[in-house]
Amino acid sequence: MAGDRAVRCGPFTIKFDEHDDALPFNYAVPDDDAAPTADEVAALIGAFRARARTPRLEYVPQVSPKVEDALLAAGFTQEGRYPLLVCPPDEVVERPVDVRVALVTEDADLWQVAQVMNEAFDAPDPTEHDIARFRRVLDGGGLIAAAFDAGEAVGAGQLGRPHDGVAEVAGIAVLPSHRRRGIAGAVTALLTREGAGAGVTTPFLTPADDGAARVYARVGYRKVGEALYISLR
Numbered sequence: 745m746a747g748d749r750a751v752r753c754g755p756f757t758i759k760f761d762e763h764d765d766a767l768p769f770n771y772a773v774p775d776d777d778a779a780p781t782a783d784e785v786a787a788l789i790g791a792f793r794a795r796a797r798t799p800r801l802e803y804v805p806q807v808s809p810k811v812e813d814a815l816l817a818a819g820f821t822q823e824g825r826y827p828l829l830v831c832p833p834d835e836v837v838e839r840p841v842d843v844r845v846a847l848v849t850e851d852a853d854l855w856q857v858a859q860v861m862n863e864a865f866d867a868p869d870p871t872e873h874d875i876a877r878f879r880r881v882l883d884g885g886g887l888i889a890a891a892f893d894a895g896e897a898v899g900a901g902q903l904g905r906p907h908d909g910v911a912e913v914a915g916i917a918v919l920p921s922h923r924r925r926g927i928a929g930a931v932t933a934l935l936t937r938e939g940a941g942a943g944v945t946t947p948f949l950t951p952a953d954d955g956a957a958r959v960y961a962r963v964g965y966r967k968v969g970e971a972l973y974i975s976l977r
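With positions in the sequence shown counted from 1, the corresponding number in my numbering is that position plus 744.
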């Protein structure tokens with residue numbers, strides 16, 4: 745979800761992070777049934793280039809089937825197609841774990857969440873910009889969760905800002921020392937269940953590999969389509 749910092753460019757909504765050029769924080773989503781012209785794709789590329797960002801999209805091709813050909817014609821290449829999974833909050837399967845899993849809002853906890861995510865995803869040490877990004881998620885109605893062992897965060901994840909009842913579960917991370925203990929599933933289950941109170945009726949996620957997909961399947965997520973990640977390097 746692009747949120748209140750979104751930029752409109754033709755039939756695209758673009759999310760930019762002014763402090764971080766990482767690909768997951770800078771991408772466009774086409775309008776439903778968009779049929780962009782070559783000039784509109786060129787304008788999209790220009791909007792990214794003007795901000796020193798890689799032109800990139802994350803979207804569901806079944807919803808906008810004419811977009812991919814226009815992007816390929818402009819030189820874009822696929823990063824990958826990933827299963828799109830959903831789980832209604834009332835269908836979550838929860839299993840006990842030996843750590844405490846909770847929603848968090850305090851800065852001290854958010855710093856720990858950022859540390860877990862950045863270490864798990866091999867990103868630089870967290871900065872105040874990571875905390876500001878979490879604050880925007882929370883201020884927009886999203887959720888942040890952490891798993892604690894002896895008071896220290898060992899797992900984390902977030903449910904993004906909801907839009908028309910839809911929100912993405914993302915950033916599910918567990919420190920290497922605590923993997924294969926069900927923590928990723930427990931964090932995902934908590935975010936999915938508690939999302940109902942935030943007005944989220946359709947939480948979704950896109951697992952990066954089969955191993956992650958199996959974790960989410962155990963929570964109750966099932967495939968309903970696919971997501972396309974495509975960029976111009």
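Backbone N, C-alpha and C define an ideal beta-carbon position, used for all residues, glycine too. It should be emphasised that the depicted structure is a prediction, and the values quoted were computed from it without experimental measurement.
Leaving out five residues on either side along the sequence, give the residues of the same chain with a beta carbon under 8 Å from the beta carbon of residue i.
{"i": "G941", "result": "none"}
{"i": "V843", "result": "A891, F892, D893, V898, G899, H922, R925, I927 and A930"}
{"i": "R966", "result": "L829, V830 and C831"}
{"i": "T849", "result": "L882 and I888"}
{"i": "L919", "result": "V860, E863, A864, V898 and G899"}
Starting from residue i, follow its DSSP beta bridges and name the residues at the other end.
{"i": "D893", "result": "E896"}
{"i": "P755", "result": "Per DSSP, none; premise fails for P755."}
{"i": "T688", "result": "In this structure the chain extends from 745 to 977, so residue 688 is not present and cannot be described."}
{"i": "P827", "result": "E970"}
{"i": "R800", "result": "S975"}
What distance in whole Å lies between the Cβ atoms of residue j and residue i, which are believed to be in contact at a cut-off of 8 Å?
{"i": "A787", "j": "G754", "result": "6 Å"}
{"i": "A814", "j": "I789", "result": "So it is not a contact: roughly 11 Å between Cβ atoms."}
{"i": "G886", "j": "Q902", "result": "6 Å"}
{"i": "S975", "j": "E872", "result": "Going by Cβ atoms, the distance from S975 to E872 rounds to 28 Å, so no, they are not a contact pair."}
{"i": "D851", "j": "V807", "result": "With 8 Å as the limit, D851 and V807 do not qualify as a contact, their Cβ atoms being about 37 Å apart."}
{"i": "I875", "j": "L854", "result": "5 Å"}
{"i": "T945", "j": "G909", "result": "4 Å"}
{"i": "D765", "j": "R800", "result": "Not confirmed; about 11 Å, so no contact."}
Looking only at its own chain, which residues have a Cβ that is under 6 Å from the Cβ of residue i, when we skip the five neighbours before and after it?
{"i": "E802", "result": "Y771 and Y973"}
{"i": "L934", "result": "V845 and A889"}
{"i": "G747", "result": "Low confidence applies to G747: its pLDDT is 46, below 50, so where it sits in the model is not reliable, and the reading given next is rough at best. Answer for G747: G884 and R905, listed in chain order."}
{"i": "G915", "result": "M861, G901 and Q902"}
Keeping to the same chain, check which residues put their C-beta closer than 7 Å to that of residue i; ignore five residues upstream and five downstream.
{"i": "A791", "result": "V751, C753 and I758"}
{"i": "E912", "result": "M745, G904, F948 and L949"}
{"i": "H763", "result": "H873"}
Please state the DSSP three-state secondary structure of residue i.
{"i": "A818", "result": "coil"}
{"i": "P833", "result": "helix"}
{"i": "P805", "result": "coil"}
{"i": "V773", "result": "strand"}
{"i": "L903", "result": "strand"}
{"i": "R977", "result": "coil"}
{"i": "L934", "result": "helix"}
{"i": "R924", "result": "coil"}
{"i": "V857", "result": "helix"}
{"i": "G747", "result": "Because the pLDDT at G747 is just 46, under 50, the model does not fix this residue reliably, and the value given afterwards should be weighed accordingly. Of the three classes helix, strand and coil, the one that applies to G747 here is helix, per DSSP."}
{"i": "R844", "result": "strand"}
Q: Could you say if the segment 776-792 and the segment 949-957 meet the contact criterion of at least three C-beta pairs nearer than 8 Å?
A: no
Q: Taking 8 Å as the threshold, find out whether the segment 959-967 comes into contact with the segment 848-862 through three or more Cβ pairs.
A: no
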